[in-house]
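Have a look at the structure below before the remarks.
Chains as they are written, first to last, in the working numbering: chain S, 1 to 183; chain R, 184 to 616.
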């Protein structure tokens with residue numbers, strides 16, 4: 001009798017253990033399927049996470065917005081409404097702590113500073129996991145491209161839907177970064 | 184039953200301490216006693232096997248295989264999880280022994296970690312290490328109780344400590360207070376208390392007795408923000424709490440080495456109090472106190488818990504059952520909060536306190552015939568004297584004489600105790616003859 005109670009409890013936990021990662025997948029897949037794609041100009045560098053392995057950190061060119069508002073302080077979560085500029089890259093349209101009634105996609109960013117009427121922020125999708133042998137090469141590839149002043153050619157492909165964002169790929173010179181590093 | 188034990192039995196029979204019949208009886212008793220309980224060694228190998236395989240899987244997945252498609256990666260993420268769940272469920276349903284439960288629990292623990300890690304990789308899910316550890320702990324904590332698994336409990340303690348330090352100390356850009364650590368820790372406590380009641384002198388309990396205080400002592404750093412001064416107060420209070428817990432009657436039968444609370448509490452108390460015997464530390468005492476700060480609240484909460492534990496012991500055993508180490512934190516609070524302004528007085532009082540602690544350790548050691556504690560007391564006094572060499576303008580002759588005196592103290596006290604011990608042993612032998 002008692003063992004069966006424990007077993008039922010275990011089944012519940014087991015279901016939660018499956019459900020949580022499955023829900024993570026579902027959420028991401030949904031954004032990938034029905035979200036809009038944006039290109040964010042970026043710069044990759046290469047750190048490590050002890051459990052999840054090598055990734056590259058992406059520093060985005062879009063990391064600040066000029067607005068005179070002292071109510072934005074470090075750590076605030078803000079909605080950054082975005083649109084495409086004439087070259088097809090994402091640009092910030094407006095910053096807000098509350099939902100706005102405008103027909104634009106937004107990503108949720110974290111405020112990292114507010115100085116001289118410029119608010120700097122961090123975009124959430126700053127990690128791109130890579131095979132361990134390739135992450136360092138990716139950083140080097142970027143340095144090289146940057147030296148050849150082809151910076152325009154490095155961007156992240158991000159799917160956005162209702163504030164959720166999924167980083168699909170990082171593109172260097174028109175091809176995905178994994179393939180670029182292999183060449 | 185070990186062959187060493189059999190050998191001892193034979194020696195006892197040979198020396199006519201026990202009869203051969205009695206020896207047979209004892210042998211039979213132990214031979215039948217162990218039936219039904221799992222083999223300890225087997226259990227340890229089971230846990231270690233699961234530990235290695237589990238962490239191996241995490242490492243392999245951390246390679247981030249580019250060549251696999253998203254579907255393949257997803258299947259790979261769930262495979263170990265389902266295998267782990269199958270074995271854990273099987274061992275619960277069939278009511279398998281502890282070896283099964285510990286091993287399958289350990290494996291499942293890592294499988295959960297691997298699964299969420301791989302999914303974060305596949306979708307480049309943002310979120311730092313802290314939030315990943317958080318999800319992992321929450322998903323595995325119930326296993327401690329469902330499987331009654333000590334290994335999972337210990338892994339949870341380790342991971343929670345990691346979480347606390349990651350969120351509160353290492354993550355310098357956005358240091359937060361890891362309040363959830365307190366929740367995780369408290370969630371493990373009932374399991375630990377049950378274990379204490381069942382088998383206090385087992386090795387498992389000893390591991391917990393060391394892991395739990397170590398974990399709190401490390402994690403407390405994550406609760407100290409910008410007010411480092413009060414951080415020391417928090418730590419001295421925590422060490423007082425640990426020492427007082429170690430002195431509770433539950434742990435009375437334990438050997439000192441099996442009582443991590445006592446040792447960590449005592450060492451920590453002495454170490455942090457010695458810092459306060461330096462004058463420069465009091466010179467940096469904050470001129471104005473702001474009361475509305477997190478550190479003060481945490482220190483106060485710790486203080487009241489410690490006073491409660493201390494008061495309980497006091498009520499049970501009376502003033503004779505208390506030693507100075509248990510009360511050191513109260514004296515420190517008194518000096519720190521009520522006497523700081525008075526020039527040199529707090530420094531003198533702190534020096535006296537540490538000196539008194541050394542003397543009381545020597546006394547405890549002498550009363551218990553414990554050379555370890557005796558020399559620990561001498562060591563405290565020596566360190567105190569060495570520290571005073573740094574900030575006082577004593578002449579070299581005087582310093583030299585002090586060193587010689589302390590060194591002689593080491594010899595004399597140890598010698599006296601050795602003599603006394605030999606005398607008592609001799610008396611015992613005479614009585615037997």
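Here a beta-carbon is modelled for each residue, glycine too, at the ideal position from N, C-alpha and C.
Check                                                                                                                 : Outcome
Closer than 8 Å to chain S by CB, residue 246/R                                                                       : yes
Limits of the alpha helix (DSSP H) - the one that residue 346/R falls within                                          : 333-348
Test: residue 1/S CB closer than 8 Å to a CB of chain R                                                               : Bear in mind that a pLDDT of 49 at residue 1/S, under 50, signals an unreliable position, so the number given afterwards is only what the model happens to contain. No, residue 1/S does not count as interfacial toward chain R.
According to DSSP, residues forming a beta bridge with residue 164/S                                                  : 161/S
Chain S within 8 Å of residue 268/R, Cβ atoms only                                                                    : yes
Under the three-state DSSP convention, the category residue 441/R falls into                                          : helix
Residue from 512/R, 429/R, 484/R whose Cα sits closest to the Cα of residue 445/R                                     : 429/R
Residue 533/R beta carbon near the ligand COA (any heavy atom closer than 7 Å)                                        : The ligand COA is absent from the structure shown, which contains no ligands of any kind.
Contact set between residue 129/S and chain R, taken where Cβ atoms lie within less than 7 Å                          : 247, 304, 307
Whole-angstrom distance between residue 166/S and residue 360/R, CA atom to CA atom                                   : 28 Å
Short Cβ contact (8 Å threshold) for residue 313/R with residue 349/R                                                 : yes
Alpha-carbon spacing of residue 542/R relative to residue 562/R, whole angstroms                                      : 10 Å
For residue 223/R and residue 184/R, the rounded distance between their alpha carbons                                 : Reliability of the predicted coordinates at residue 184/R is poor, the pLDDT of 49 falling under 50, and the value obtained from them is presented with this limitation in mind. Cα to Cα, the separation comes out at about 11 Å.
The region 80-95 of chain S touching the region 103-116 of chain S, judged by at least three CB pairs closer than 8 Å : yes
Selected residue, minimal CA-CA separation from residue 486/R, among 386/R, 413/R, 459/R                              : 413/R
Residue 207/R - DSSP class collapsed to helix/strand/coil                                                             : helix
At least 3 beta-carbon pairs within less than 8 Å: the region 552-566 of chain R vs the region 598-611 of chain R     : yes
Beta carbon proximity, residue 54/S to chain R, threshold 8 Å                                                         : yes
Local conformation of residue 503/R per DSSP, three classes                                                           : helix
Coil, strand or helix - residue 297/R by DSSP                                                                         : helix
Reduced DSSP category for residue 127/S - H, G, I as helix; E, B as strand; rest coil                                 : strand
Supposed contact pair residue 488/R and residue 497/R - C-beta distance, whole angstroms, cut 8 Å                     : Rounded, the Cβ-Cβ distance is 15 Å, inconsistent with contact.
Straight-line gap, residue 333/R to residue 308/R (C-alpha atoms, nearest Å)                                          : 32 Å
Residues bridged to residue 113/S [DSSP beta-bridge criterion]                                                        : 120/S
Coil, strand or helix - residue 56/S by DSSP                                                                          : strand
Three-pair Cβ contact test at 8 Å for the region 200-216 of chain R versus the region 246-262 of chain R              : no
Helix, strand or coil at residue 95/S according to DSSP, with G and I counted as helix                                : strand
Boundaries (first-last residue) of the alpha helix (DSSP H) holding residue 275/R                                     : 253-276
Residues near residue 424/R in its chain [Cβ-Cβ closer than 7 Å; skip 5 each side]                                    : 485, 488, 489, 492
Whole alpha helix (DSSP H) elements within the region 502-576 of chain R, 4-residue minimum                           : 507-521, 528-551, 554-574
Chain R contacts made by the region 8-20 of chain S, where a contact means CB separation under 8 Å                    : 9, 10, 11, 13, 14, 16, 17, 18, 20
Under 7 Å by beta carbon: chain R residues contacting residue 125/S                                                   : 307, 309
8 Å Cβ cut-off: residues of chain S touching residue 272/R                                                            : 7, 10, 11, 14
Chain-ordered neighbours of residue 132/S on chain R, where CB pairs are closer than 8 Å                              : 245, 246, 247
Contact between the region 276-296 of chain R and the region 321-336 of chain R (3+ Cβ pairs under 8 Å)               : yes
Identity of the residue in 73/S, 68/S, 42/S, 67/S nearest residue 58/S by Cα                                          : 42/S
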